[in-house]
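K.L.:
Position one of the sequence shown corresponds to residue 619 (the numbering used here), numbered consecutively onward.
The beta carbon of each residue, even a glycine, is placed where N, CA and C say it ideally should be.
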Amino acid sequence: MEANSSDGLYLNEPLLYNEKQQGSAHKLEEGQSKCENLCEGNTSFFKTCFNGLNALSGVGILSTPYALASGGWLSLILLFAIAIAAFYSGLLIQRCMDVHSSIRTYPDIGELAFGSKGRVLLSAFMYIELFLVATGFLILEGDNLHNLFPDMEFNIGGFICGKQSLVLIVAVIILPTVWLDNLSLLSYISASGVLASGIILISILWTANDGVGFHHTGALINWSGVPTAVSLYGFCYCAHPVFPTLYTSMRKKHQFSNVLLLCFILCTVGYASMAVMGYLMFGDEVQSQITLNIPLGKLSSKVAIYTTLVNPICKYALMVTPIVNATKQCFPCYYNKRPFSLLISTLLVISTVVVALTVPFFGYLMSLVGAFLSVTASILLPCICYLKITGTYRTLGCETVTIGAIILMNVVIVVLGTYSSLGQILGHL
């Protein structure tokens, strides 16, 4: 992978389009003719929709019932509000790219708005989010494997047993995928994220109709749990840094807004459906991953759990590769040295294992990611960069007021959600 491609690789990358479209221009002052050539895409409307759905579909769907249980039925309004704000900020990313054809990646937008500091800021949010989501994958795998095999224990020096040992086993399985130079196979398996989300949704419905039922009513509102709810809802819409790649890959770029609309509608319907079903099935007893609640003896449950287990293993390497490349860029003399690459990859996996063992709380960690990183990177920063790039902030119009309201709402989410999730994590350490 090229050294300059790491900024374009995000949560569910690589995307499914021709490799010649994956080049990115790091310097905004490169020649206009070169940028025009780079911006030519050949991806169709439907393939872009698939890529967009894959970017938005993720493990967040497992936590939406827990989010709804935390905030109560009325918190669904906040899910739709965040979805609308995230959709609008996606449109703002498109408008930013229309202003300057040299913008190819998400950090390019930050550089155009605020110079090199803007690029560093947006890149930092990307890489930290990637790291913590990869860590969340390990926690998720450990939780579900422990649920399947509760009696499996290993003792390493008297320190690690049970669930922790399962996290180590998963890390050992994942490690060779991080060493791969060619991630094309994993990218195609990872692209099944859309299918995986659909299978899990259908499996949960199947489980409900196979004996569990919808017997719980739930609370109308739970004010103390609203920060957790909105944080997890925000985590569901953390794909914005990949939108520039989607946009530049399209053959008919004027259709990008329709792509976003279709993707957000379908994903939001899926998230809301899972939340409602899970809350009706298990009420306040629903756990941070709904797969931990479903009965293990049923075929439908096994389909849901095994689907949940396979997809993160394939996606882990795609998550950490941008971080590996960014780290290698700090050591240009060793960038193409294979042993150095293996060392960085291995150390990165070890670091995620350490965090996963130290903070083994999937719901709380993803709540922190959603509040502090996802909402900031996917909603706040696109809005702020758009105001700066276009100069819209100089005039008080309908658009400025709308963006200002979105910024204000999401600043509240960031502050309350981050405070709440940090408190929950520290309280359980």
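(1) Please classify Thr661: does DSSP put it in a helix, a strand, or coil?
(2) Determine the burial state of Gln947: buried for a count of at least 16 other Cβ atoms within 10 Å of its Cβ, exposed for fewer.
(3) Between Pro913 and Leu823, what straight-line distance do the alpha-carbon atoms span, to the nearest angstrom?
(4) May I ask you to report which of helix, strand or coil DSSP gives Phe868?
(5) From Val973 to Thr945, what does the alpha carbon distance come to, in whole angstroms?
(6) What does the alpha-carbon distance come out to for the pair Ser891 and Leu864?
(7) In chain order, what residues of the same chain have a beta carbon less than 8 Å from the beta carbon of Ser1038, not counting five sequence neighbours either side?
(8) Can you tell me where the alpha helix (DSSP H) holding Ser693 begins and where it ends?
(9) Enumerate, from N- to C-terminal direction, the unbroken alpha helix (DSSP H) stretches of 4 or more residues contained entirely within the stretch 822-897.
(10) Tell me whether Leu1034 sits in a helix, a strand or coil according to DSSP, three-state version.
(11) Tell me the residue span of the alpha helix (DSSP H) that contains Thr1013.
(12) What residue does the alpha helix (DSSP H) around Lys753 start on, and which one ends it?
(13) Do Val677 and Leu758 have their C-beta atoms closer together than 8 Å?
(14) On the criterion of 16 or more Cβ atoms from any shown chain inside 10 Å, does Ala814 qualify as buried, or is it exposed?
(15) Going by beta-carbon coordinates alone, are Ser675 and Cys885 separated by less than 8 Å?
(16) If you draw a straight line from the C-alpha of Leu756 to the C-alpha of Phe767, how long is it?
(17) For Leu646, which of helix, strand or coil comes out of DSSP?
(18) Is it buried or exposed, Val877, if we count other Cβ atoms within 10 angstroms and call 16 or more buried?
P.N.:
To lay it out plainly:
(1) Here residue 661 refers to the residue found at position 43 when the sequence shown is read from its first residue. Strand, per DSSP.
(2) Here residue 947 is taken as the residue at index 329 of the sequence shown, counted from 1. Exposure of Gln947 is indicated by the presence of fewer than 16 other C-beta atoms within 10 angstroms of its C-beta.
(3) Residue 913 sits at position 295 when you count from the first residue of the sequence shown. Residue 823 sits at position 205 when you count from the first residue of the sequence shown. The alpha-carbon atoms of Pro913 and Leu823 are separated by roughly 13 Å.
(4) Walking along the sequence shown from the start, residue 868 turns up at place 250. Rather than Phe, the amino acid found at residue 868 in this sequence is Met. DSSP places Met868 in the strand class (E or B) of the three-state scheme.
(5) To locate residue 973, count along the sequence shown from 1; it is residue 355. To locate residue 945, count along the sequence shown from 1; it is residue 327. Looking at the two C-alpha atoms, the distance is approximately 19 Å.
(6) Reading the sequence shown from its first residue, position 273 is the one you call residue 891. Reading the sequence shown from its first residue, position 246 is the one you call residue 864. Rounded to the nearest angstrom, the two C-alpha atoms are 26 Å apart.
(7) Walking along the sequence shown from the start, residue 1038 turns up at place 420. Cβ within range, chain order: Pro845, Thr846, Ser849, Ser985 and Ala989.
(8) Position 75 of the sequence shown, counted from the first residue, corresponds to residue 693. Per DSSP, Ser693 belongs to no alpha helix (DSSP H) and is neither H nor E.
(9) Correct list: 844-853 and 861-867.
(10) Here residue 1034 is taken as the residue at index 416 of the sequence shown, counted from 1. The three-state reading of DSSP puts Leu1034 in helix, counting H, G and I together.
(11) As a position in the sequence shown, residue 1013 is number 395, starting the count at 1. Judged by DSSP secondary structure, Thr1013 falls outside any alpha helix (DSSP H); it is assigned neither H nor E.
(12) Within the sequence shown, residue 753 is the residue found at index 135, counting from 1. Per the sequence shown, the amino acid found at residue 753 is Thr instead of Lys. Counted as a single uninterrupted DSSP element, the alpha helix (DSSP H) harbouring Thr753 occupies residues Ser734 to Leu766.
(13) Here residue 677 refers to the residue found at position 59 of the sequence shown. Here residue 758 refers to the residue found at position 140 of the sequence shown. For Val677 and Leu758, yes; Cβs fall inside 8 Å.
(14) Counting from 1 along the sequence shown, the entry for residue 814 is found at position 196. Only buried fits Ala814, as 16 or more other CB atoms lie within 10 angstroms of its CB.
(15) Position 57 of the sequence shown, counted from the first residue, corresponds to residue 675. Position 267 of the sequence shown, counted from the first residue, corresponds to residue 885. A contact, by the Cβ cut-off of 8 Å.
(16) What you label residue 756 is simply residue 138 of the sequence shown in a count that begins at 1. What you label residue 767 is simply residue 149 of the sequence shown in a count that begins at 1. Approximately 16 Å between the Cα atoms of the pair.
(17) The residue you call residue 646 lines up with position 28 of the sequence shown. Reliability of the predicted coordinates at Leu646 is poor, the pLDDT of 39 falling under 50, and the value obtained from them is presented with this limitation in mind. In this structure, Leu646 counts as coil in the three-state DSSP scheme.
(18) As a first step, residue 877 must be located in the sequence shown, where it is residue number 259. Classification of Val877: buried, given that the 10 Å Cβ count is 16 or more.
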